[in-house]
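**Student:**
Number of protein chains: 2
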Amino acid sequence: MTLINTQIHLVSRPQGEPRADNFARVEAPVAALEAGQVLVRHQFLSLDPYMRGRMNDAKSYAEPHPLNTPMIGGTVGTVEQSRHPAFQVGDPVVGMGGWQRYSVVDAQKPGVLRKVDSRLPLAAYLGAVGMPGVTAWYGLTQIMQPQQGQTVTVSAASGAVGGALGQLAKVRGCRVVGIAGGPEKCSYVRDELGFDDCIDYKACPDLKSLHLALKVACPQGIDAHFENVGGQILDAVMLRANAFSRIAVCGMIAGYNGNPLPMANPSLILVNRMRMEGFIVSEHMQLWPQALKELGGLVAQGRLKYRESIAQGLESAPEAFIGLLKGRNFGKQLVLVN
Amino acid sequence: MTLINTQIHLVSRPQGEPRADNFARVEAPVAALEAGQVLVRHQFLSLDPYMRGRMNDAKSYAEPHPLNTPMIGGTVGTVEQSRHPAFQVGDPVVGMGGWQRYSVVDAQKPGVLRKVDSRLPLAAYLGAVGMPGVTAWYGLTQIMQPQQGQTVTVSAASGAVGGALGQLAKVRGCRVVGIAGGPEKCSYVRDELGFDDCIDYKACPDLKSLHLALKVACPQGIDAHFENVGGQILDAVMLRANAFSRIAVCGMIAGYNGNPLPMANPSLILVNRMRMEGFIVSEHMQLWPQALKELGGLVAQGRLKYRESIAQGLESAPEAFIGLLKGRNFGKQLVLVN
Chain L
30 MTLINTQIHL VSRPQGEPRA DNFARVEAPV AALEAGQVLV RHQFLSLDPY
80 MRGRMNDAKS YAEPHPLNTP MIGGTVGTVE QSRHPAFQVG DPVVGMGGWQ
130 RYSVVDAQKP GVLRKVDSRL PLAAYLGAVG MPGVTAWYGL TQIMQPQQGQ
180 TVTVSAASGA VGGALGQLAK VRGCRVVGIA GGPEKCSYVR DELGFDDCID
230 YKACPDLKSL HLALKVACPQ GIDAHFENVG GQILDAVMLR ANAFSRIAVC
280 GMIAGYNGNP LPMANPSLIL VNRMRMEGFI VSEHMQLWPQ ALKELGGLVA
330 QGRLKYRESI AQGLESAPEA FIGLLKGRNF GKQLVLVN
Chain R
30 MTLINTQIHL VSRPQGEPRA DNFARVEAPV AALEAGQVLV RHQFLSLDPY
80 MRGRMNDAKS YAEPHPLNTP MIGGTVGTVE QSRHPAFQVG DPVVGMGGWQ
130 RYSVVDAQKP GVLRKVDSRL PLAAYLGAVG MPGVTAWYGL TQIMQPQQGQ
180 TVTVSAASGA VGGALGQLAK VRGCRVVGIA GGPEKCSYVR DELGFDDCID
230 YKACPDLKSL HLALKVACPQ GIDAHFENVG GQILDAVMLR ANAFSRIAVC
280 GMIAGYNGNP LPMANPSLIL VNRMRMEGFI VSEHMQLWPQ ALKELGGLVA
330 QGRLKYRESI AQGLESAPEA FIGLLKGRNF GKQLVLVN
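Chains L and R supply the protein sequences, listed in that same order.
Quick note on our numbering: the first sequence kicks off at 30 and runs consecutively.
Quick note on our numbering: the second sequence kicks off at 30 and runs consecutively.
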């Protein structure tokens, strides 16, 4: 019996915000497995901001995603068929299966498919114990390197990366201040994730008010910052940064017209002797086992909390992704592939 | 007999460019030495861009320079009187004597006065074998860390710091491209200092033309950059920066109105996974001996060249400093204190 796959293809490149008509649902038969291949049926698809960059036809750290193919994306699911001795039918696995119900994986390539421990919820491997969690872990431990008692800030603090970042910093004895949009997200960051404070940037209409809010929340200044957003938030953090502070740069939005947002005062890099470093976590695979060990342990102990926003059905992926870019999700955005 | 000291005081804070009337010449008697003190007669005073920042009454990495006192500055000279056993009359010494003919130094404080090897020209200890040379050495070895064969760029390449930076990078087998203002400085950088190429930024009126010139001069992109200037030069370098490139930030000019110059596209820090780090060389005194050893050796071997621009007489210091900020000097700006 031929299995029919459902896929969501990128069919045109968004100009500015993506629209539903940049995507199309496609049905296609699943090819028979070759030796070494594994067929995975996806349970959850992860939606992440990096995907927006791949939709452009511009030079960046990764190639543009080709049109008329399923969008890339992290997935968890179970092995449905296997022609690779290390994978058995029913094994829970995490990989980059993309926006589709099934994926055929060349499982002999190192790292493309990983069996996971079924004692944690499978979706956690797309969030706190997956790429977002490792992203936070890498930025914190490899770039920000805060000492106990130092002040750590993070933007997009209620998101999957920001939430993990703050909790990992709390485990290390730091004062942790989040920046998030709206009172509901800020309450969650403070009360559920246990940050020391959280600033609602939507209540700070300009650089001056955001700087003042940071001054109140960070009386000792800022020693290390994790940047998911850029623009005015980064400008305000730099005004409050201490000597020898470190900024891990994980995300930078562009202005509404697609032009880059400038950094208002780069001379603060010198005045504060700051270190600022951009990174892409997938380029540091050698550190993932160490990161996943800590992250999995903290989730199992209930010390690393997270929230999920689950869109129902693969067909809802484009709309959920558009909402993610507008900050409509609350916690890690997943799609339940039913 | 009471010695009369001649000093140049800062008497008012410049608004924008310093003017001659921000300074005043003052004559004052030299006090008798107390135990542990040394009287130094200065031969050369160093003029450096950092002094401009100290003239402001604004928060920075250092306190504002107090009004109605001699401006700070590096000096070389000889011991004229000594009440410290480690210093004998006639010893050549380097210190921070300031804009004056004589300084009284509490020589028991570590690091404030250093005897130097009289086999090198005394003025070298204010340039290639002094603070400018160590600044270049620190940025190159501690932040930029270029591999052999990588491409290194430096702005203000004909200056004391930039010239040393490029030559230290050549010693390490890098391709070195300078950026300087005007054909005369560019010829010097290429032909006398031995850089592989030098771009005349005055011949590049906009970001696009500067980026194009960097593309031609750096066909393999830029792996490490030393920034003395900021603004459009930094923007152009970032457009040409390779993945995992490093930028040492040593100087950042402000716009003409005193407002900070923005960085056009900070998202390149992420796209190129760049590391950008500001530093102040005086905060890393523990590395000076190692740096001075290499720098002194290279000068003695004729492998580290430099040029000096010598203003005659202490009274000429204000005008020479104003010229320095406008790029009128060619090589290390000194004042011969006669």
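Ideal placement from N, C-alpha and C gives every residue a C-beta, glycine not left out.
Here the structure is a predicted model, which is why all the values come from computation and not from measurement.
#1: Check the Cβ-Cβ distances between residue 3 (chain L) and every residue of chain R, and say whether any is below 8 Å.
#2: For a minimum of 3 consecutive residues, which ranges assigned as the beta strand (DSSP E) are wholly contained in the stretch 257–340 of chain L?
#3: Counting only the same chain and skipping the five closest in sequence on each side, list residues whose C-beta sits under 7 Å from that of residue 321 (chain R).
#4: Here's the rule I'm using: 16 or more other beta-carbon atoms within 10 Å means buried, otherwise exposed. How should residue 191 (chain R) be labelled?
#5: Could you pull out every residue in the same chain whose Cβ sits closer than 8 Å to the Cβ of residue 329 (chain L), ignoring the five residues on either side in sequence?
#6: Is residue 191 (chain R) close to chain L, meaning its C-beta is less than 8 Å from at least one C-beta of that chain?
#7: Which chain R residues are close to residue 274 (chain L), counting only those with a beta carbon under 7 Å from its beta carbon?
#8: Going by the DSSP bridge assignment, what does residue 14 (chain R) pair with across the sheet?
#9: Measuring alpha carbon to alpha carbon, tell me which residue in L:199, L:201, L:195 is nearest residue 208 (chain L).
#10: If I measure Cβ to Cβ from residue 297 (chain R) and keep anything under 8 Å in the same chain, skipping five residues before and after, which residues do I get?
#11: Taking Cβ-Cβ distances shorter than 8 Å, what residues in chain L pair up with residue 101 (chain R)?
#12: Can you round the beta-carbon distance between residue 123 (chain L) and residue 108 (chain L) to whole angstroms, since I take them to be within the 8 Å contact cut?
#13: Give a yes or no on whether the C-beta atoms belonging to residue 154 (chain R) and residue 310 (chain R) are separated by under 8 Å.
#14: For residue 56 (chain L), list the residues DSSP reports as bridge partners.
#15: So the alpha helix (DSSP H) residue 363 (chain L) belongs to, where does it begin and stop?
#16: Apply the 10 Å Cβ neighbour rule to residue 362 (chain R) and answer buried if 16 or more other Cβ atoms are within range, or exposed otherwise.
#17: Please report how far the alpha carbon of residue 71 (chain R) lies from the alpha carbon of residue 111 (chain R), in whole angstroms.
#18: What are the residues that DSSP puts in a beta bridge with residue 68 (chain R)?
#19: Please list the residues of the stretch 303–327 of chain R that have a C-beta atom closer than 8 Å to any C-beta atom in chain L, keeping them in chain order.
#20: Which residue from R:53, R:187, R:135 puts its Cα closest to that of residue 100 (chain R)?
#21: Residue range of the alpha helix (DSSP H) that residue 143 (chain R) falls in?
#22: Mind checking the stretch 253–268 of chain L against chain R and listing, in chain order, the residues whose C-beta falls within less than 8 Å of any C-beta there?
#23: Can you tell which of R:206, R:172, R:340, R:113 has its C-alpha closest to the C-alpha of residue 138 (chain R)?
#24: Apart from the five residues just before and just after residue 305 (chain L), which ones in its own chain have a Cβ nearer than 7 Å to its Cβ?
#25: With distances taken from CA atoms, which of L:169, L:348, L:60, L:317 is nearest residue 180 (chain L)?
#26: Measuring alpha carbon to alpha carbon, tell me which of R:79, R:47, R:140 ends up nearest residue 314 (chain R).
#27: Could you check if residue 77 (chain L) is buried or exposed, using at least 16 other CB atoms within 10 Å of its CB as the buried criterion?
#28: Can you tell me which of the three DSSP states residue 240 (chain L) falls into?
#29: Nearest to residue 350 (chain L) by alpha carbon, out of L:39, L:66, L:115, L:221?
#30: With respect to the alpha helix (DSSP H) encompassing residue 164 (chain L), which residues constitute its N-terminal and C-terminal limits?
**Tutor:** Short version:
#1: Summary: the structure shown does not reach residue 3 (chain L), with chain L confined to residues 30 through 367, and so no result is reported for it.
#2: Correct list: 270–278, 304–307.
#3: 158, 163
#4: buried
#5: 148, 149
#6: no
#7: In chain R, no part has a C-beta under 7 Å from the C-beta of residue 274 (chain L); the shortest such distance is about 10 Å.
#8: Lying outside 30 to 367, the shown extent of chain R, residue 14 (chain R) is not represented and no answer is given.
#9: L:195
#10: 267, 268, 270, 303
#11: What residue 101 (chain R) touches in chain L: nothing, since even the nearest Cβ is about 18 Å away.
#12: Not confirmed; about 12 Å, so no contact.
#13: no
#14: L:35
#15: Premise fails: residue 363 (chain L) lies in the beta strand (DSSP E), 361–365, not in any alpha helix (DSSP H).
#16: buried
#17: Residue 71 (chain R) and residue 111 (chain R) have their C-alpha atoms spaced approximately 15 Å apart.
#18: Note: residue 68 (chain R) sits in a beta bridge opposite R:110, R:133.
#19: 303, 304, 305, 306, 307, 308, 309, 312
#20: R:53
#21: Note, residue 143 (chain R): premise wrong, no alpha helix (DSSP H); beta strand (DSSP E) at 142–144.
#22: 259, 263
#23: Here the closest residue by C-alpha is R:113.
#24: Closer than 7 Å at Cβ, skipping near neighbours: 276, 278, 298.
#25: L:169
#26: R:140
#27: buried
#28: helix
#29: L:39
#30: Residues 160–167.
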